[in-house]
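The sequence shown runs 89 to 371 under my numbering.
Inspection log for the structure reproduced underneath, given as structure tokens.
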Amino acid sequence: MERGHLPIMPTEIVEYLCASSPELVVDGTSGGGGHTSLISRAIPDGHVLAIERDPSASKKLTEKFNGTNVTVINSSYTETPGIIEENGFPQAGGALFDLGLSSIQLDTPERGFSHRTSGPLDMRFDRSQGKPASELLRGMTEKQIADAIYRYGEEGRSRVIARAIKRNSRLLTTDDLAQAVQSAVRGNPVKPLARVFQAIRILVNGELDHLEKLLSEMHLWTDSGCHVAVLTFHSLEDGMIKRHFRDSEYFRQFDPPWFLPSLAEKRNNPRARSARLRLGVRL
Ligand SMILES: C[S@@+](CC[C@H](N)C(=O)[O-])C[C@H]1O[C@@H](n2cnc3c(N)ncnc32)[C@H](O)[C@@H]1O
89 MERGHLPIMP TEIVEYLCAS SPELVVDGTS GGGGHTSLIS RAIPDGHVLA
139 IERDPSASKK LTEKFNGTNV TVINSSYTET PGIIEENGFP QAGGALFDLG
189 LSSIQLDTPE RGFSHRTSGP LDMRFDRSQG KPASELLRGM TEKQIADAIY
239 RYGEEGRSRV IARAIKRNSR LLTTDDLAQA VQSAVRGNPV KPLARVFQAI
289 RILVNGELDH LEKLLSEMHL WTDSGCHVAV LTFHSLEDGM IKRHFRDSEY
339 FRQFDPPWFL PSLAEKRNNP RARSARLRLG VRL
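As structure tokens, then:
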């Protein structure tokens with residue numbers, strides 16, 4: 089049975105986004121709909137636009153929110169300006185982006201996101217687009233793989249790991265990738281495995297390109313005073329959000345600019361351990 093996804097820092101996020109009862113809140117990464125559901129209940133007279141890139145997650149969200157004040161759209165959050173215009177929505181008074189992948193995706197072996205379960209090496213949020221990880225890696229040089237692992241996974245042993253990956257001619261399953269990583273590192277392989285799988289996932293989905301496009305256009309569909317909350321899980325994306333809220337002519341950082349989950353939440357939800365909530369306000 090699917091274990092579901094626990095929304096991170098739900099109270100802080102809902103208070104921050106819904107305190108002024110906005111007419112429209114955008115949840116740009118609706119996932120299992122945990123935050124969407126709480127936001128929808130907090131603004132009974134308002135509307136939630138729930139965007140989700142993964143078609144199978146979107147299908148479940150559409151069923152879940154049928155007949156409520158939530159509109160579910162299967163797309164990338166980079167398409168928010170067009171979605172708002174096409175649906176005749178007002179400018180958003182709140183927006184949430186909970187970056188990365190959901191526990192539901194991680195716990196589904198056939199999606200290939202986890203080094204803990206056997207499955208095809210895919211890792212795409214939307215399997216109708218782009219190339220699965222196995223194909224992408226086969227087309228890359230050892231140096232390109234090493235650079236990706238270093239940059240997106242912040243893994244210092246990127247070169248030896250990339251060499252082992254290139255030596256593994258099969259590379260069709262999560263087990264093939266995990267074995268390559270394990271053969272390259274000494275000691276406990278859990279951290280390098282997590283970092284390499286994270287790096288390849290970010291690469292396969294072009295996650296930082298999507299984030300950059302989102303940030304460069306966010307002023308187009310947010311109303312003055314709009315509260316924006318972003319949950320980040322590694323330093324590259326966190327740095328991008330921080331610089332945007334600090335330096336953009338359209339946004340300022342909230343005071344305080346970020347929060348961390350409580351110890352109790354981290355104990356209860358392992359995925360919360362690396363999370364940071366960044367808060368910005370549209371000028
Ligand atoms: C961490 S989960 C969100 C969980 C959600 N907040 C909840 O409470 O259930 C991130 C979700 O964002 C989706 N996603 C990733 N990149 C996206 C993008 N560019 N546009 C829209 N959704 C995206 C993933 O498919 C995943 O379902």
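Cβ atoms here follow ideal geometry from the backbone N, Cα and C, with glycine treated the same way.
*Where Asn356 sits in the DSSP three-state scheme*: Mapped onto the sequence shown, residue 356 falls at position 268. In this structure, Asn356 counts as helix in the three-state DSSP scheme.
*Whole angstroms is fine: what's the gap from Gly207's alpha carbon to Phe153's?*
The count along the sequence shown starts at 1 and reaches residue 207 at position 119. The count along the sequence shown starts at 1 and reaches residue 153 at position 65. Taking the straight line from one Cα to the other gives about 30 Å.
*Please check the pair Leu281 and Leu209, which I expect to be a contact at CB under 8 Å, by giving their CB distance rounded to whole angstroms.*
Locating residue 281 in the sequence shown gives position 193, where the first residue counts as 1. Locating residue 209 in the sequence shown gives position 121, where the first residue counts as 1. About 13 Å; that fails the 8 Å criterion.
*Decide if Thr166 is buried, meaning its Cβ has at least 16 other Cβ atoms within 10 Å, or exposed.*
The residue given as residue 166 occupies position 78 in the sequence shown. By the neighbour-count rule (16 or more Cβ atoms within 10 Å), Thr166 is buried.
*Beta carbon of Gly122, beta carbon of His93: below 8 Å?*
What you label residue 122 is simply residue 34 of the sequence shown in a count that begins at 1. What you label residue 93 is simply residue 5 of the sequence shown in a count that begins at 1. It is a contact, given that the beta carbons lie within the stated cut-off.
*Does the beta-carbon distance from Ser128 to Thr150 come in below 8 Å?*
Within the sequence shown, the letter at position 40 stands for residue 128. Within the sequence shown, the letter at position 62 stands for residue 150. Not in contact: Ser128 and Thr150 (Cβ atoms no closer than 8 Å).
*Assuming Leu145 and Ile96 make a contact with CB atoms under 8 Å, what is their CB distance in whole Å?*
What you label residue 145 is simply residue 57 of the sequence shown in a count that begins at 1. What you label residue 96 is simply residue 8 of the sequence shown in a count that begins at 1. Residue identity check: residue 145 is Ala in the sequence provided, not Leu. Not a contact, Cβ separation roughly 17 Å.
_With a threshold of 7 Å (Cβ to nearest heavy atom), would Gly119 be considered close to ligand 1?_
By one-based count along the sequence shown, residue 119 stands at place 31. The answer is yes for Gly119.
*Starting from the Cα of Glu103, find the closest Cα among Ile171, Asn162 and Leu184 and give me that residue.*
In the sequence shown, residue 103 corresponds to position 15, counting from 1. Looking at the Cα atoms, Leu184 is the closest of the given residues.
*Whole-angstrom distance between Lys219 and Val292, CA atom to CA atom*: Here the question's residue 292 lines up with position 204 in the sequence shown. Here the question's residue 219 lines up with position 131 in the sequence shown. Using only the alpha carbons, I get a separation of about 7 Å.
*For Pro349, collect the residues of the same chain with a Cβ closer than 7 Å to its Cβ; drop the 5 residues on either side in sequence, then sort them by chain order.*
Numbered from its first residue, the sequence shown carries residue 349 at position 261. Taken in chain order, the residues that qualify are Ile96, Met97, Ala360 and Ala363.
*Enumerate in chain order the residues of its own chain whose CB-to-CB distance from Phe285 is below 6 Å, with the five nearest sequence positions on each side excluded.*
As a position in the sequence shown, residue 285 is number 197, starting the count at 1. Hits under 6 Å: His203.
*Give the straight-line distance between the Cα atoms of Leu371 and Glu100, rounded to the nearest whole angstrom.*
Here residue 371 refers to the residue found at position 283 when the sequence shown is read from its first residue. Here residue 100 refers to the residue found at position 12 when the sequence shown is read from its first residue. About 21 Å.
*Since Ser109 is in the beta strand (DSSP E), which residue starts that stretch and which ends it?*
Here the question's residue 109 lines up with position 21 in the sequence shown. Premise fails: Ser109 is in no beta strand (DSSP E) and is neither H nor E.
*Using beta-carbon positions only, say whether Ile237 and Ala268 come within less than 8 Å of one another.*
Start at 1 with the first residue of the sequence shown, and residue 237 comes out as number 149. Start at 1 with the first residue of the sequence shown, and residue 268 comes out as number 180. No, these two residues do not count as a Cβ contact at 8 Å.
_Please report the straight-line C-alpha distance between Ala234 and Arg251, rounded to a whole angstrom._
As a first step, residue 234 must be located in the sequence shown, where it is residue number 146. As a first step, residue 251 must be located in the sequence shown, where it is residue number 163. Cα to Cα, the separation comes out at about 8 Å.
*Roughly how many whole angstroms lie between the Cα atoms of Arg366 and Asn175?*
Here residue 366 refers to the residue found at position 278 of the sequence shown. Here residue 175 refers to the residue found at position 87 of the sequence shown. So the two alpha carbons sit approximately 28 Å from each other.
*asked:* So, for Pro277: in the same chain, excluding its five sequence neighbours on each side, which residues have a beta-carbon less than 7 Å away from its beta-carbon?
replied: Along the sequence shown, read from residue 1 onward, the residue named residue 277 stands at position 189. Contacts found: Val269 and Gln270.
_CB of Val160 within 8 Å of CB of Glu140, strictly_ = For the purposes of this step, residue 160 is taken as residue 72 along the sequence shown, with counting starting at 1. For the purposes of this step, residue 140 is taken as residue 52 along the sequence shown, with counting starting at 1. Contact: yes.
*CB contact below 8 Å: Glu167 versus chain D*: Going by chain labels, chain D is absent from the structure shown, which holds only one protein chain.
*Sort Ala272, Ala266 and Leu126 by Cα distance to Gly244 and report the nearest one.*
Within the sequence shown, residue 244 is the residue found at index 156, counting from 1. Ranking Ala272, Ala266 and Leu126 by Cα distance to Gly244 puts Ala272 first.
*How many Å lie between His332 and Cys314 at the Cα?*
Indexing the sequence shown from 1 puts residue 332 at position 244. Indexing the sequence shown from 1 puts residue 314 at position 226. Taking the straight line from one Cα to the other gives about 15 Å.
*With a threshold of 7 Å, establish whether the CB of Pro143 neighbours any heavy atom of ligand 1.*
Along the sequence shown, one-based indexing puts residue 143 at 55. No, since every heavy atom of ligand 1 falls outside the 7 Å radius drawn around the Cβ of Pro143.
*Cβ-heavy atom distance, Pro349 to ligand 1, below 7 Å*: Position 261 of the sequence shown holds residue 349. No, Cβ of Pro349 sits at least 7 Å from all heavy atoms of ligand 1.
*Beta-carbon contacts of His307 that lie in its chain and below 6 Å, excluding the five residues immediately before and after*: The sequence position of residue 307 within the sequence shown is 219, counting from 1. These residues qualify, in order along the chain: Tyr338.
_Assuming Gln341 is part of the alpha helix (DSSP H), what are its boundary residues?_
Residue mapping note: residue 341 aligns to position 253 of the sequence shown, counting from 1. Where Gln341 is concerned, there is no enclosing alpha helix (DSSP H), although the beta strand (DSSP E) it sits in stretches over Phe339 to Phe347.
*Taking all protein chains shown into account, decide if Met89 is buried (16 or more other Cβ within 10 angstroms of its Cβ) or exposed.*
Here residue 89 corresponds to residue number 1 of the sequence shown, with the count starting at 1. With a pLDDT of 34 at Met89, under the threshold of 50, the predicted position of this residue should be treated as unreliable, though the coordinate-derived value follows. Label assigned to Met89: exposed.
*Less than 8 Å separating the beta-carbons of Thr168 and Trp309?*
Here residue 168 corresponds to residue number 80 of the sequence shown, with the count starting at 1. Here residue 309 corresponds to residue number 221 of the sequence shown, with the count starting at 1. Yes, they are a contact pair.
*asked:* Quick check on Thr262: buried or exposed, where buried means 16 or more other Cβ atoms within 10 Å of its Cβ?
replied: Counted from its first residue, the sequence shown places residue 262 at position 174. By the 10 Å Cβ count, Thr262 comes out buried.
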